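Respectively, the protein sequence lines represent chains L and U. Heads up: the first sequence begins at 1 in the working numbering, then just goes up one per residue. Heads up: the second sequence begins at 1001 in the working numbering, then just goes up one per residue. This report refers to the structure that appears directly beneath it.
There are 2 protein chains.
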Amino acid sequence: MSKPPGQAGAMEANGLVSAHAQGSGLQQVPQLSPGGGGKATPPSKQGKKSAPLERNTDEYRMRRERNNMAVKKSRLKSKQKAQDTLQRVNQLKEENERLEAKIKLLTKELSVLKDLFLEHAHNLADNVQPPSSTGTTESAATTIQDGAGQ
Amino acid sequence: MSKPPGQAGAMEANGLVSAHAQGSGLQQVPQLSPGGGGKATPPSKQGKKSAPLERNTDEYRMRRERNNMAVKKSRLKSKQKAQDTLQRVNQLKEENERLEAKIKLLTKELSVLKDLFLEHAHNLADNVQPPSSTGTTESAATTIQDGAGQ
DNA sequence: CGGGATTGCGCAATTG
DNA sequence: TCAATTGCGCAATCCC
């Protein structure tokens, strides 16, 4: 993609190329007919499409020049868009990772809390208490009800 | 946008097109006195890199043809890659949304459980329990982390 | 040195 | 009418 600074190609001094002289062999390319059993002339013909515009006129050169600029511009734009898209992919990938990390964390937290909850429930059910201590044998958890739910 | 499948422009397949006056804007008539005194001869600085290869040889045509195919192939590939990239963006975007939804859900669940815990803690307040926690927030989870590694 | 793959460029037909 | 696109061929490079 990134083209090294080496001047690739483009050495043709694009300036005013006065190519008139082509003795004789120069003229517009004939719309070669589809030969072979191809389609015949497609749609209507409408007389002349437009003057073929001769290649040695200033008009021609002017138009060409303009089109060349437009083409260049268009291509540049296109390339940039592609690059942007590529960048967006990376951006999204990053964000994805971030989100996944977060999910992982949340999941873990949830897991811990749930475990604690379960433990508690068990204690209540069995009327047992966690070995935390010193005595305190009384079950304090009487009030714990689970209303969880959702 | 919709580009009709019709071959636009060049339908010249690769058949024998006698005069190829198009292509590069510059094209001097084939075979012209090379060594003449004119400046027409390209600067031979540094010797000839590679024979300019005359345009009327079979060799030339053959090469051109091959290159044209390669070019076509390369461009096709390029286009497809671009498309893939674009598709990847969409894919990533989707996944992104999915992940975010999940996060939302997990967050909510966590919130609920935490609230529950807070309630219990309140109830337990009467009793003395190993106060390993004043903060009932996530810190607990963070501290306990263990199992499940990934 | 050979030869496919890339890339910049101009041309011409289309499209908008 | 004119700019923007698009397919294509050419030539210079790049890169095995």
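Built from N, CA and C at the ideal position, the CB exists for glycine as well. All values derive from a computational prediction rather than experimental measurement.
DSSP state of arginine 61 of chain L mapped onto helix, strand, coil: If DSSP states are grouped into helix, strand and coil, arginine 61 of chain L belongs with the helices.
Burial state of leucine 106 of chain L (16 or more Cβ within 10 Å): Leucine 106 of chain L comes out buried.
Give the residues from the segment 97-118 of chain L that approach chain U closer than 8 Å (Cβ to any Cβ), ordered along the chain. Residues Leu99, Glu100, Lys102, Ile103, Lys104, Leu106, Thr107, Lys108, Glu109, Leu110, Ser111, Val112, Leu113, Lys114, Leu116 and Phe117.
Please confirm if proline 1042 of chain U has its CB atom under 7 Å from at least one CB of chain L. Any reading at proline 1042 of chain U needs caution, since the residue's pLDDT is 39, under 50, leaving its predicted position unreliable; the model's value is listed next. So, not an interface residue.
Tell me the DSSP secondary structure of arginine 55 of chain L in three-state form. Note: arginine 55 of chain L maps to coil in three-state DSSP.
Positions along the segment 1081-1092 of chain U whose CB lies within less than 8 Å of some CB in chain L: Taking 8 Å as the Cβ-Cβ cut-off against chain L, the residues of the segment 1081-1092 of chain U that qualify are Ala1082, Thr1085, Leu1086, Arg1088, Val1089 and Leu1092.
Exposed or buried, glutamate 119 of chain L, counting other C-beta atoms within 10 Å across all chains shown (16 or more means buried)? Taking a 10 Å sphere around the C-beta of glutamate 119 of chain L, we find fewer than 16 other C-beta atoms and assign the residue as exposed.
For the segment 53-78 of chain L, which residues have a CB atom closer than 7 Å to at least one CB atom of chain U, in sequence order? Taking 7 Å as the Cβ-Cβ cut-off, the segment 53-78 of chain L has no residue approaching chain U.
Can you list, in chain order, the residues of its chain whose CB lies under 6 Å from that of serine 1078 of chain U, leaving out five sequence neighbours each side? Hits under 6 Å: none found.
Straight-line gap, lysine 114 of chain L to arginine 1075 of chain U (C-alpha atoms, nearest Å): Cα to Cα, the separation comes out at about 56 Å.
Is threonine 134 of chain L buried or exposed, if buried means 16 or more other CB atoms sit within 10 Å of its CB? Residue placement at threonine 134 of chain L is flagged as unreliable, the pLDDT there being 44, under the threshold of 50; the coordinate-derived value follows with that caveat. Under the 10 Å beta carbon count, threonine 134 of chain L is surrounded by fewer than 16 other beta carbons and is classified as exposed.
Do asparagine 96 of chain L and asparagine 1096 of chain U have their CB atoms nearer than 7 Å? In this structure, asparagine 96 of chain L sits near asparagine 1096 of chain U, with a CB-CB distance shorter than 7 Å.
Given leucine 53 of chain L, which residues of its chain have a CB within under 7 Å of its CB, disregarding the five upstream and five downstream residues? Only Glu59 and Tyr60 meet the Cβ criterion.
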